[in-house]
Amino acid sequence: MAKAPSNLPELEKEQEHSRQRIKRLLASGAKPKVSKNATNATMLSVFRATGAVTTGVLVLIILFVLVNGLPVMSLDFIFGWPQGVNAEGGIFPTIVSSLYVTVLAMLICTPIAVLAAVYLAEYAKQGRLVNFIRYATDTLASVPSIVMGLFGFALFVEAFGFGLSMLSAALALALMMLPIVMRTTEEAIRAVPRYIRWGAYGLGATKWQVVSRVVLPSAFPRIATGIVLAIGRAVGETAVVLYTMGQAINLPITPMDSGRPMTIHLYLLANDGINMQAAYGTALLLMLMILAFNLFARYLSRKSAKKTGGK
51 MAKAPSNLPE
61 LEKEQEHSRQ
71 RIKRLLASGA
81 KPKVSKNATN
91 ATMLSVFRAT
101 GAVTTGVLVL
111 IILFVLVNGL
121 PVMSLDFIFG
131 WPQGVNAEGG
141 IFPTIVSSLY
151 VTVLAMLICT
161 PIAVLAAVYL
171 AEYAKQGRLV
181 NFIRYATDTL
191 ASVPSIVMGL
201 FGFALFVEAF
211 GFGLSMLSAA
221 LALALMMLPI
231 VMRTTEEAIR
241 AVPRYIRWGA
251 YGLGATKWQV
261 VSRVVLPSAF
271 PRIATGIVLA
281 IGRAVGETAV
291 VLYTMGQAIN
301 LPITPMDSGR
311 PMTIHLYLLA
321 NDGINMQAAY
331 GTALLLMLMI
341 LAFNLFARYL
351 SRKSAKKTGG
361 K
C-alpha cells in the first residue's frame with residue numbers, strides 16, 4: 051500500500067512564511083496622505099473607466115461588422131460555393147477548411163500538451179530543466195504568427211515534404227496552440243487540492259492512478275477551457291495558414307489536401323477589393339465562431355469554479 055506524502059509540516063511552514071511576507075510588505079508601505087476610502091474610490095473609477103473603454107471598443111467592432119455583414123448573410127452564402135471572378139456565391143468550402151484544420155491541430159496538440167503538463171506538475175523535480183522548459187514554453191507563446199508560418203513552411207512544407215496541405219497547417223497551428231494548452235493544463239493540475247491526492251494515496255492508489263483517475267478528472271473543466279481558448283486563437287490565425295495551407299477553393303477530404311480557410315478568403319477579398327460585401331459576411335461568421343468558442347470557454351470556467359466551490 052502506497053503511503054501518503056508526509057510533507058504537511060513543510061506546507062505549514064510555507065504558509066506561515068507567506069503570511070509573514072505579506073505582513074512585512076504591508077508594513078513597509080508608505081503611509082497614505084489621503085484616506086483609504088478616497089484611494090479606493092479613485093482606483094475603482096479608473097478600473098471602471100478602463101473596462102468601459104475596452105467594452106466600448108468591442109461593441110463598436112461588433113456593430114461595424116454586423117451592419118456591413120448582415121445584408122449578405124443567407125443560407126446560400128453559408129452553404130454555397132464561391133463563383134466567378136468577383137467571388138459571388140457562398141463560403142462553405144472555407145468554413146469546412148477552417149474547422150478541418152482547427153480540429154486536426156487540436157488532435158495533434160492536446161495529447162502532447164497535456165502529457166507535458168502532467169510531467170511538469172506531478173513528476174518533474176523542480177530545477178533548472180523544469181524552469182527552462184517553462185521559459186521555452188512562454189517564449190513559444192510570444193513568437194509572432196508570421197514567424198511561425200515561415201517556420202512551418204520551411205519545416206513541414208519543404209523539409210518534410212507535406213506540401214501546402216491541411217497537415218502542414220495543422221502542425222504549424224499545433225505549435226501555436228501548444229503553450230496555451232500546456233500552461234493552462236499545468237495550472238489546472240496544480241489547482242487541484244492536495245488533500246484529494248492524499249486521500250487517494252491513503253486508499254492505496256499508485257501515482258499514476260492518482261493522476262489519471264483523480265487529478266485529471268478534477269482539473270478537466272479548466273483544461274477544457276484552455277483547449278477551447280487555443281482553438282479560438284487557431285481559428286483566427288492568418289499568417290500561419292497562408293504559408294502552409296495554400297489558397298485552393300476546394301472541399302478537403304484527406305489531411306494532404308489543400309484548402310482555403312476563412313481568414314485567407316477574407317484577406318484576399320478585402321486586400322484585392324473583389325467583393326467587400328462577401329468580405330464583411332465572412333468577417334461576421336468568423337467573429338461569431340470566435341465569440342462562440344470564447345463563450346464556451348467562459349461556461350467551462352464557471353462550471354469549474356462551481357465544482358471547486360468558487361464563485
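The numbering of the sequence shown is our numbering, which starts it at 51 and goes up by one. We treat Cβ as the ideally placed atom computed from N, Cα and C, and that holds for glycine. Since this is a predicted model, take the numbers as computed values, not measurements.
Can you tell me whether DSSP reads residue i as helix, strand or coil?
| i | result |
| --- | --- |
| residue 365 | There is simply no residue 365 to check, as the chain begins at 51 and stops at 361 in what is shown. |
| residue 236 | helix |
| residue 139 | strand |
| residue 176 | coil |
| residue 121 | helix |
| residue 212 | coil |
| residue 326 | helix |
| residue 299 | coil |
| residue 306 | coil |
| residue 102 | helix |
| residue 311 | coil |
| residue 199 | helix |
| residue 259 | helix |
| residue 164 | helix |
| residue 264 | helix |
| residue 194 | coil |
| residue 331 | helix |
| residue 242 | coil |
| residue 66 | helix |
| residue 288 | coil |
Using only the alpha-carbon positions, how far apart do residue i and residue j sit?
| i | j | result |
| --- | --- | --- |
| residue 250 | residue 260 | 6 Å |
| residue 132 | residue 126 | 10 Å |
| residue 197 | residue 203 | 10 Å |
| residue 334 | residue 325 | 14 Å |
| residue 144 | residue 224 | 19 Å |
| residue 155 | residue 254 | 38 Å |
| residue 361 | residue 352 | Annotation note: pLDDT 43 at residue 361 (below 50); position unreliable, coordinate value reported separately. Residue 361 and residue 352: Cα-Cα distance of roughly 8 Å. |
| residue 98 | residue 90 | 12 Å |
| residue 70 | residue 240 | 23 Å |
| residue 101 | residue 94 | 10 Å |
| residue 243 | residue 179 | 25 Å |
| residue 54 | residue 248 | Annotation note: pLDDT 48 at residue 54 (below 50); position unreliable, coordinate value reported separately. Approximately 5 Å, taken between the alpha carbons. |
| residue 162 | residue 235 | 11 Å |
| residue 262 | residue 105 | 40 Å |
| residue 111 | residue 87 | 36 Å |
| residue 327 | residue 321 | 13 Å |
| residue 222 | residue 92 | 46 Å |
| residue 205 | residue 74 | 52 Å |
Would you say the beta carbon of residue i comes nearer than 7 Å to a heavy atom of the ligand NAP?
| i | result |
| --- | --- |
| residue 298 | The ligand NAP is absent from the structure shown, which contains no ligands of any kind. |
One question on the structure: do residue i and residue j come within less than 8 Å of each other, judged by their Cβ atoms?
| i | j | result |
| --- | --- | --- |
| residue 329 | residue 316 | yes |
| residue 215 | residue 308 | yes |
| residue 122 | residue 195 | no |
| residue 119 | residue 252 | no |
| residue 273 | residue 168 | no |
| residue 232 | residue 187 | yes |
| residue 158 | residue 170 | no |
| residue 302 | residue 150 | yes |
| residue 314 | residue 288 | yes |
| residue 292 | residue 211 | no |
| residue 227 | residue 280 | yes |
| residue 238 | residue 209 | no |
| residue 271 | residue 350 | yes |
Sorted by chain position, which residues of the same chain lie with C-beta nearer than 6 Å to residue i's C-beta, five sequence neighbours on each side aside?
| i | result |
| --- | --- |
| residue 190 | 229 |
| residue 177 | none |
| residue 138 | none |
Skipping 5 residues on each side, what residues in its chain have a beta carbon closer than 7 Å to that of residue i?
| i | result |
| --- | --- |
| residue 148 | 285, 311, 312 |
| residue 207 | 213, 214, 218, 294 |
| residue 340 | 282, 285, 286 |
Could you please give me the residues that DSSP links to residue i through a beta bridge?
| i | result |
| --- | --- |
| residue 132 | 139 |
Skipping 5 residues on each side, what residues in its chain have a beta carbon closer than 8 Å to that of residue i?
| i | result |
| --- | --- |
| residue 129 | 140, 142 |
| residue 305 | 154, 215, 216, 217, 220 |
| residue 160 | 231, 277 |
| residue 116 | 334 |
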